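>
Numbering (the UniProt record's numbering), first residue to last: 1 to 346.
Okay, structure coming up:
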């Protein structure tokens, strides 16, 4: 298998409204080493046998210690991702069997975090009601193993293909979309977009994480984020920022956070990025895993050319009719649609 090289960037911001940052994140560029810190975004990292990990958590509970819940989730991940454990998980040559083993492991890690948060809440009455979302990506060679619970997201972007969500929100609004009761276009501004249906730390029901395996291609960038980004910036804005900053992952991270702040900064915002420099097959086609893929630039240019052609035809016809006095030219009204972003935070 070809040598895989990556770059990593991650960061968080309290936002413009809240006083506490209840988000948390963690990265490890080389799981053979106990190096749980964010590397320089310019560093080219050669993937080692145990891969790397990125994780993002969005705590909730306000005065009831949401930051404690997200910290417990991150600490649990760090503890469970011991190198000796990972070697046993990866000791499988069949890719399908390996994916099942990894899924079982990641789900167990998230469930352990859930139990740890519940127990901590029982032992400290001041933290009762705390909880957190979680999304993590364990990247080994050319595979990204993703698991999540809640509405923190994982995207993949490729300049040749567009963007799509690899995770699916555990939220009330997503349920409405799945049931056909709400269009995707209207989901972003729905007044109940901040209601989640799964999380870690709920003593009344155990966490039920989801899992997905994705094959990375050269040029892919994974984005993990809290809803402080995706709840304020639509996918179209996210893809534009990632496209404009694909050569500088550190600047991409900063621009994404700045976009969330410019949109109001009503929530804490956290992003973690992993860019695949080389080592895998180059992707050629549109990402077709979800409905969120956007058109390629070439399609947009073709659209502009067609529009210019039609304008030219209209121009010729206009003067032909005007000079031959065959008919009066009556301009028609054209309605424009403006989408106004609404504050989804309550």
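For every residue, glycine included, the Cβ atom is placed at its ideal position computed from N, Cα and C. Quick caveat, the model's predicted, so the values are computed rather than measured.
Looking only at its chain, what residues have a beta carbon closer than 8 Å to the beta carbon of residue 112, apart from the 5 residues adjacent to it on each side?
Here the set comprises 76, 80.
> Should the region 28-37 be regarded as contacting the region 192-202, the criterion being three or more beta carbon pairs within less than 8 Å?
Contact between the region 28-37 and the region 192-202 is absent, because fewer than three Cβ pairs lie under 8 Å.
> Please report the straight-line C-alpha distance between residue 354 and residue 145, rounded to a whole angstrom.
One cannot answer for residue 354 here, as it falls past the ends of the chain, which runs 1 to 346.
> Could you check if residue 180 is buried or exposed, using at least 16 other CB atoms within 10 Å of its CB as the buried criterion?
Residue 180 comes out exposed.
> Going by C-alpha distance, which of 68, 40, 224 is nearest residue 118?
When only C-alpha atoms are compared, the closest one is 68.
> Runs of 4 residues minimum, wholly inside the region 156-184: which ones carry the alpha helix (DSSP H) assignment?
The region 156-184 contains these whole alpha helix (DSSP H) runs: 172-178.
> Residue 222 bridges to which residues according to DSSP?
Paired residue(s): 156, 274.
> Helix, strand or coil: how does DSSP classify residue 76 here?
Correct three-state label for residue 76: helix.
> Candidates 137, 125, 53: which alpha carbon is nearest residue 210's?
Residue 137 is the option with its Cα nearest to residue 210.
> Using a threshold of 8 Å, is the CB atom of residue 134 nearer than that to any non-hydrogen atom of the ligand PLP?
Here there are no bound small molecules, and the ligand PLP is not part of this structure.
> Here's the rule: buried if 16 or more other CB atoms are within 10 angstroms of the residue's CB, otherwise exposed. What is residue 163?
Buried, because 16 or more other Cβ atoms sit within 10 Å of the Cβ of residue 163.
> From this set, 213, 187, 223, 2, which residue's C-alpha is nearest residue 176's C-alpha?
Here the closest residue by C-alpha is 187.
> What does DSSP give as the partner residue(s) for residue 212 in the beta ladder?
Answer by DSSP bridge pairing, in chain order: 146.
> Tell me the rounded alpha-carbon separation between residue 10 and residue 226.
Looking at the two C-alpha atoms, the distance is approximately 12 Å.
> Label residue 192 either buried or exposed according to how many other C-beta atoms from any shown protein chain fall within 10 Å of its C-beta, with 16 as the threshold for buried.
When all chains shown are included, residue 192 counts as exposed.
> Where are the beta strand (DSSP E) runs, 3 residues long or more, that stay fully inside the region 25-86, in chain order?
The qualifying runs are 52-60.
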